[in-house]
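With my numbering as the guide, the letters of the sequence shown map in order to residues 138 to 743.
Ideal Cβ placement from N, Cα and C applies to all residues, glycine included.
Given the structure is predicted, the values throughout are model-derived calculations rather than measurements.
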Amino acid sequence: MCGIVGYIGGQSAVPILLEGLKRLEYRGYDSAGIAVVDGGRVDIRKAVGKLRNLEVQIGSQPPPGTIGIGHTRWATHGRVTERNAHPHETDGFVVVHNGIIENYAALREKLLAEGHHFQTETDTEVIVHLIAKHFVGDLTAAVQRALGEVVGAYAIAVLSADDPNTVVGARFGCPLVVGLGADAYFLASDVPAILPHTREVLFLDDGEVATLSREGVQISTLDGRTLTKEVRRITWDPMMAEKGGYKHFMLKEIFEQPRAVLDTFRSRVLPETGEIALDLGIPPAELAQANRILLTACGSSWHTALIGKFMLEGLARIPTEVDYSSEFRYRQPVLDQQTLFVGISQSGETADTIAAAREARRLGARILAISNAMDSTLPRESDGVFYTHAGPEIGVAASKTFTTQMVALYLLAIHLGLQRGTLHQSQGKQLVQDLLQIPRLMERVLEQEDTVAELARQFVTKRDFLYLGRGLCFPIALEGALKLKELAYIHAEGYAGGEMKHGPIALVDSDMPVVVLVPRGRVRDKILSNLEEIKARDGIMIAVGVEGDEDLRRMASHVLYVPDVPELLLPLLLVVPLQLLAYHIALRRGCDVDQPRNLAKSVTVE
């Protein structure tokens with residue numbers, strides 16, 4: 138959530154700042170602003186709402202200058218107003234900030250007693266007052282001393298009219314990256330903001346400060362020690378983040394899933410032998426010694442973890458638990474060296490999941506990260522990492538990152554099963570062969586978009602939905618309901634089919650759409666009983682089942698089919714029509730499907 142861009146170089150700063158902020162719009166925001174220093178004077182422009190409002194405010198007379206910082210704010214402390222928008226300034230010092238300052242109230246009270254005057258309702262403003270207070274000619278030293286008083290999470294960028302050739306950035310708990318260009322240097326809260334200008338980057342770690350000048354970049358700690366950091370090269374193609382002819386990033390990313398799934402497994406499987414080649418950073422023998430796995434995540438990643446539990450217990454026969462990252466630290470968890478802790482985060486910057494991983498490490502567990510973001514915080518702090526290869530996901534609501542996380546857990550389960558001897562080589566080969574068919578079969582499901590769009594037309598006015606599934610389909614019911622909430626702002630609940638009679642059935646009437654996921658196998662007859670219960674109460678049923686199940690046409694009002702695949706892989710196909718349904722309902726309701734209200738792509742605060 139929120140976005141930061143900083144620049145110092147030889148070009149006009151404003152176009153570079155605005156371009157960078159546009160590339161961070163996917164993170165979610167409700168106001169935006171920039172600050173540029175020129176001739177010892179700071180020029181700040183801010184606006185509420187989308188970046189186009191800021192562009193209008195800037196107009197045809199952008200502030201001159203070749204050094205500046207920009208920000209998109211997602212409100213935490215203080216209302217959504219132009220005054221509360223970043224950047225914040227006092228006495229020529231300017232700050233933009235991602236995160237939350239936990240002790241801001243005490244700091245504010247102290248600063249007020251010292252004669253400082255505050256203009257906003259935000260927690261961020263205390264930072265700029267502290268910097269001004271500590272400045273004695275060296276901006277970096279002032280930032281270091283100011284942050285020594287701060288408790289909380291932050292990524293900041295700082296300018297000063299008194300030091301007009303320096304941009305200072307620092308992080309603790311929120312991501313910040315430094316870009317190294319040709320006679321130009323950049324700060325950003327995420328890599329896409331600076332990819333058009335450079336692929337050479339430094340990833341800051343907690344407690345590190347970056348000083349950008351026209352001569353180069355220096356990295357130090359909060360206590361002033363100089364550091365040397367490895368330069369990383371980003372291999373993403375910036376064009377992957379363009380819409381490519383699709384109306385929205387969300388739709389593009391739904392349709393990219395066959396490619397993303399293929400990219401996640403193709404370098405990691407040997408189809409001829411069924412071998413799994415996973416270089417996770419943790420020796421296979423150590424992984425195989427785990428007698429318990431704990432999966433932690435938030436949002437869609439938590440739904441992936443629920444599916445991963447079935448995969449890991451079914452194939453590797455390792456007891457597996459699933460926990461919300463936000464709850465993990467607050468229940469006195471019991472872990473040891475035989476516990477494998479798996480943190481799942483598409484961005485690798487989810488604050489709750491990072492905090493959970495740190496607690497698990499303190500308790501002795503081995504840490505494995507599953508993430509889509511190279512060199513993000515969670516992978517860097519883990520013993521091992523499984524990178525999905527979904528490519529940049531700009532839409533706030535997860536789509537291709539969700540399905541590639543499932544593939545990662547499927548491969549991990551096979552790998553552990555082969556290592557532990559719970560799977561024979563021939564079984565592993567068959568499981569791999571089954572996975573190889575998924576991209577092609579996903580494309581077949583996507584061909585039904587027009588059918589799903591027509592369903593959306595019929596249901597666009599409904600205010601409540603119920604999603605039902607059993608077994609592996611239950612997490613997909615949760616994910617389908619979440620997508621409808623996120624994209625279309627419609628109340629929706631996902632339930633396990635067996636819980637239908639324990640409350641939710643009271644909601645079913647002739648105005649209630651119920652989406653029912655119907656697999657083949659052990660739970661099919663059970664879920665068909667749910668269909669009968671809904672039908673008896675005149676509920677409107679949308680059944681999503683496997684090809685050839687003609688009973689569904691008799692029982693349900695509407696039927697969507699996906700190809701029949703082995704049980705563990707069925708969620709990869711079942712989720713696709715639910716994503717499309719949420720997208721098309723949201724589209725007809727006039728919702729912003731790429732940047733839903735109140736949501737952020739990377740939740741970098743607790």
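Local conformation of Asn302 per DSSP, three classes: Of the three classes helix, strand and coil, the one that applies to Asn302 here is coil, per DSSP.
For Gly176, the three-state DSSP class (helix, strand or coil): Gly176 falls in the coil class under three-state DSSP.
Opening and closing residue of the alpha helix (DSSP H) in which Gln355 lies: Under the DSSP assignment, Gln355 falls outside any alpha helix (DSSP H), being part of the beta strand (DSSP E) whose first and last residues are 353 to 358.
Sequence-distant residues of its chain with Cβ nearer than 8 Å to Leu736 (five each side left out): Excluding positions up to five away in sequence, the list reads Gly165, Val533, Ala534, Glu623.
Span of the alpha helix (DSSP H) around Phe611: Looking at the DSSP string, the run of the alpha helix (DSSP H) that includes Phe611 is 610 to 625.
Status (buried if at least 16 other CB within 10 Å, exposed otherwise) for Glu367: The C-beta of Glu367 has fewer than 16 other C-beta atoms within 10 Å across all chains shown, which makes the residue exposed.
Rounded Cβ spacing between Arg351 and Ile145 (contact assumed at less than 8 Å): Going by Cβ atoms, the distance from Arg351 to Ile145 rounds to 6 Å, so yes, they are a contact pair.
Own chain, CB closer than 8 Å to Arg405, minus 5 neighbours either side, in chain order: Cβ neighbours of Arg405 within its own chain (closer than 8 Å, five residues either side excluded): Ile413, Ala414, Leu415, Leu548.
Alpha-carbon to alpha-carbon, Ala434 and Asp646: So the alpha carbons of these two residues sit roughly 34 Å apart.
Contact the stretch 565 to 580 vs the stretch 436 to 444: 3+ CB pairs below 8 Å: Contact between the stretch 565 to 580 and the stretch 436 to 444 is absent, because fewer than three Cβ pairs lie under 8 Å.
Inter-residue Cα distance where the pair is Thr741 and Arg495: Confidence is the limiting factor: at Thr741 the pLDDT is only 49, short of 50, which leaves the residue's position unreliable and the question unanswerable from this model.
Validate contact between the stretch 236 to 243 and the stretch 288 to 306 using beta carbons, cut 8 Å, 3 pairs: A contact exists between the stretch 236 to 243 and the stretch 288 to 306.
Element boundaries [beta strand (DSSP E), containing Ala650]: A small fix is needed here, since residue 650 is Pro in this sequence, not Ala. Looking at the DSSP string, the run of the beta strand (DSSP E) that includes Pro650 is 650 to 655.
Beta-carbon separation (whole angstroms), Gly676 vs Tyr698, contact threshold 8 Å: Actually they are not in contact, since the Cβ atoms of Gly676 and Tyr698 sit about 20 Å apart, beyond 8 Å.
Status (buried if at least 16 other CB within 10 Å, exposed otherwise) for Asn509: With 16 or more other Cβ atoms within 10 Å, it is buried.
DSSP-derived helix/strand/coil call for Glu226: In the structure shown, Glu226 sits in a strand (DSSP, three-state: E or B).
Nearest-angstrom Cα separation, counted from Arg600 out to Asp688: If you take the alpha carbons of Asp688 and Arg600, they lie about 28 Å apart.
Straight-line Cα distance separating Glu704 from Ile80: What the structure shows of the chain is the stretch from 138 to 743, and residue 80 is not part of that stretch, so it cannot be assessed.
Pick from Ala279, Pro420, Glu286 that is closest to Gly361, judged by C-alpha positions: It is Ala279.
Pairwise C-alpha distance: Leu317 and Gly344: One alpha carbon belongs to Gly344, the other to Leu317, and they sit about 20 Å apart.
First through last residue of the alpha helix (DSSP H) which encompasses Arg517: According to the DSSP assignment, Arg517 belongs to the alpha helix (DSSP H) that extends over 514 to 517.
Limits of the alpha helix (DSSP H) - the one that Ile391 falls within: Unbroken alpha helix (DSSP H) run through Ile391: 386 to 392.
Cβ contact (3+ pairs, closer than 8 Å) linking the stretch 619 to 637 and the stretch 583 to 592: Inter-segment contact for the stretch 619 to 637 and the stretch 583 to 592 is absent: fewer than three beta-carbon pairs are separated by less than 8 Å.
Three-state class that DSSP yields for Glu219 in the structure shown: If DSSP states are grouped into helix, strand and coil, Glu219 belongs with coil.
Residues of its chain near Gly229, where Cβ-Cβ distance is below 7 Å and the 5 sequence neighbours each way are ignored: Contacts found: Val179, Ser297, Ala298, Asp299.
Where the alpha helix (DSSP H) containing Met579 begins and where it ends: 575 to 583 is the extent of the alpha helix (DSSP H) around Met579.
Burial state of Val273, where buried means 16 or more other Cβ atoms lie within 10 Å: Looking at its Cβ environment, which holds fewer than 16 other Cβ atoms inside 10 Å, Val273 is exposed.
Contained beta strand (DSSP E) runs [length at least 3] in the stretch 225 to 296, N- to C-terminal order: Listed in chain order, they are 225 to 227, 230 to 238.
Beta-bridge pairing of Leu317 - partner residues as DSSP gives them: Bridge partners of Leu317: Tyr322.
Residues near Asn221 in its chain [Cβ-Cβ closer than 6 Å; skip 5 each side]: Here the set comprises Gly215, Thr257, Glu258, Thr259.
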